[in-house]
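Protein chains in written order, with my numbering: chain A, 28 to 331; chain B, 28 to 331.
Glycine included, each C-beta is placed from N, C-alpha and C at the ideal position.
None of these values were measured; they are calculated from a predicted model.
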């Protein structure tokens, strides 16, 4: 087991040609990193790849992946429902074990500089790595998308952090940055009334007065005859999952509506799960030394 | 990382001489196993040692530990608050990863036969390994303790499963068997009235009509001015922690008493924690493939 682990979740602008995504995933492979998951969305025409590894392994993987993506994806011929500005659209780095957020910021700068130098690709640093506050939010950087990028980059305030002051002809630009782990979390409500899901989403999300690290939208699930509050939890340490669940439940109850079930989309970090159990049982905290398998893994790591 | 892991938690009848316990812990060491924890209780004059390893590693560790314990502990000169019948009093085997309960039963029989042959020590199989229903319960086997053992063993129904039909002169007898992981779990109540803790304990424990896999007692914690329901959860898969917590909370509420906090004593298996989070968030289930670190460890194990 590696002692220092970073996760990177590059989003690439290809969700329809499996052989292209497969080739890009293969190009990310190598020592000291591992692709543990990837998924394609044809409507969004986008793929999300999850790589874990040591800082050096992740760096090499992102360089390899970007080279192949620039070779195989041409944004001039790309359409899809999801906003995008690059063949490799965004590359977040997330601390997992034995590394700090600062380590991820450092890695994002190093990778950004290398992507610019290697591929003549403009790079924007975002989130925790942003060079100025207006660039923390990915949506602000991506506004105008690939089609508006050449014009946008002529404005001095949108000069890239690394690379040329114009888009890569077929690959656009990429956003690179460090952030906390993002948990995609949905809660289904026992009603077919979409307005309830929308009102609950408005109540719990940060942008309209809710919890600081919650993004939320209400959706209908017509096949099931119910509605869903679909959320991104952008900092589970400061806005824990259980608090979100309980607030959604309470807000839904205002309309006489119960929670049917909730759902983690993709993965959650182990500590986020431990935090739910600790809060639920009034344990105060639950630390890895109280969990059998963590103690075993720690003992075996100490050996090697 | 080992692919097959068993935990053993031998209880030895020495809780006052640290150098003796240390020598016994050292004698358990070797390849393919690891002592991850041990604790001594001077009032009970007893130590509890937690060893994890492969089936072969655990077998060798228990043989080593027992040899040293028989050399250094003489029950003819032992006193303590906790009931005991042997220098090594009880040796449970618990499935952790890649092994079944049946594998642990098989191991317990193998280790029992070797302990008898190597040390001329009588061995009783208990819990899941018991050769007859009356031997499932450790307390029934141990009744009469070391001092009553010679007489008890003369009765045909108490012939040992392995070894001689009389006690080891200084080491008594040992109980060996497979069981589920035991979670020691306490809940503190916001009252100083011991009768409330006792009534709640009676309501939740199996022996007086409560949950099947719960043992419970009410205790006063005079230093804190509160009371505690102290429990052993003997099968967290069938009687999950959250259900126990919620029932205790509800029963305490009958007397107008709130839960202050709860506490895991020692360790809990990771899945027991995941089950709390899943139930609490109405996730249905939470499996390791939904947890980032489990996916990483799985991917790395697949490599090696």
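The beta carbon of residue 311 of chain A sits closer than 8 Å to some beta carbon of chain B.
Per the Cβ contact rule, the stretch 169 to 178 of chain A is not in contact with the stretch 84 to 95 of chain A (fewer than 3 Cβ pairs under 8 Å). Only residues of its own chain outside the window of five on either side were considered, and among them 32, 33, 34 and 79 have a CB closer than 7 Å to the CB of residue 123 of chain A, listed in chain order. Any Cβ of chain A closer than 8 Å to the Cβ of residue 66 of chain B would place that residue at the interface, and such an atom is absent. In the three-state DSSP reduction, residue 104 of chain B falls in the helix class (H, G or I). The shortest C-alpha to C-alpha distance from residue 42 of chain B to any of B:99, B:177 and B:263 is the one to B:99. Contact annotation: residue 268 of chain B and residue 210 of chain B have beta-carbon atoms nearer than 8 Å.
For residue 120 of chain B, same chain residues with a beta-carbon under 6 Å away, outside a window of 5 residues either side, are 33, 35, 131, 134, 135 and 205 in chain order.
Across the stretch 293 to 312 of chain A, CB contacts with chain B closer than 7 Å involve 294, 295, 296, 297, 300, 301, 303, 304, 307, 308, 309, 310 and 311, in sequence order along the chain.
In the three-state DSSP reduction, residue 161 of chain A falls in the helix class (H, G or I).
At a cut-off of 8 Å, the C-beta of residue 35 of chain B has no neighbouring C-beta in chain A.
Your pair residue 247 of chain B and residue 237 of chain B does not check out as a contact, with CB atoms roughly 21 Å apart and the cut at 8 Å. Burial state of residue 46 of chain A is exposed, judged by a 10 Å Cβ sphere holding fewer than 16 other Cβ atoms. Interface annotation, residue 251 of chain B: not in contact with chain A, CB-CB separation never under 8 Å.
With distances taken between CA atoms, residue 301 of chain A lies nearest to A:264 out of A:327, A:288 and A:264. Under the three-state reduction of DSSP output, residue 189 of chain B falls in the strand class. With fewer than 16 other Cβ atoms inside 10 Å of its own Cβ, residue 235 of chain B counts as exposed. Scanning chain A for C-beta atoms nearer than 8 Å to the C-beta of residue 134 of chain B yields nothing, as the closest lies near 17 Å away. When DSSP reads this structure, residue 215 of chain A sits in a beta bridge with A:255 and A:288. Excluding five sequence positions before and after residue 126 of chain A, the CB atoms of its chain that fall closer than 8 Å to its own CB belong to 31, 32, 33 and 82, given in chain order. Its chain contains 108 as the residues whose beta carbon lies nearer than 6 Å to that of residue 70 of chain A, once the 5 sequence neighbours on both sides are disregarded; these appear in chain order.
Distances from the CA of residue 112 of chain B to each of B:196, B:52 and B:128 were compared; the closest alpha carbon is that of B:196. The C-beta distance from residue 153 of chain B to residue 223 of chain B rounds to 34 Å, too long to fall under 8 Å, and the pair is not in contact. Using a Cβ-Cβ cut-off of 8 Å, residue 120 of chain B does not count as an interface residue toward chain A, since no Cβ of chain A sits closer than that to its own. Minimum Cα-Cα distance from residue 105 of chain B among the listed residues B:59, B:146, B:118 and B:39 corresponds to B:39. For residue 57 of chain A and residue 202 of chain A, the gap between their C-alpha atoms comes out near 23 Å. With 16 or more neighbouring CB atoms inside 10 Å of its own CB, residue 199 of chain A falls in the buried class. Under the Cβ distance rule, residue 323 of chain A counts among the residues neighbouring chain B, one pair being separated by less than 8 Å. Under the DSSP assignment, residue 154 of chain B falls in the beta strand (DSSP E) whose first and last residues are 150 to 154. When the beta-carbon positions are compared, residue 215 of chain B and residue 288 of chain B come within less than 8 Å of each other.
Using a Cβ distance threshold of 8 Å, residue 75 of chain B and residue 66 of chain B count as a contacting pair.
For residue 302 of chain A, the enclosing alpha helix (DSSP H) starts and ends at 297 to 307.
DSSP, read as helix, strand or coil, puts residue 243 of chain A in strand. Spanning the alpha carbons of residue 162 of chain B and residue 279 of chain B requires a straight line of approximately 35 Å. Within 8 Å of the CB of residue 320 of chain A, the CB atoms of chain B belong to 123, 124, 296 and 297, in sequence order along the chain.
At least one beta carbon of chain B lies nearer than 8 Å to the beta carbon of residue 61 of chain A.
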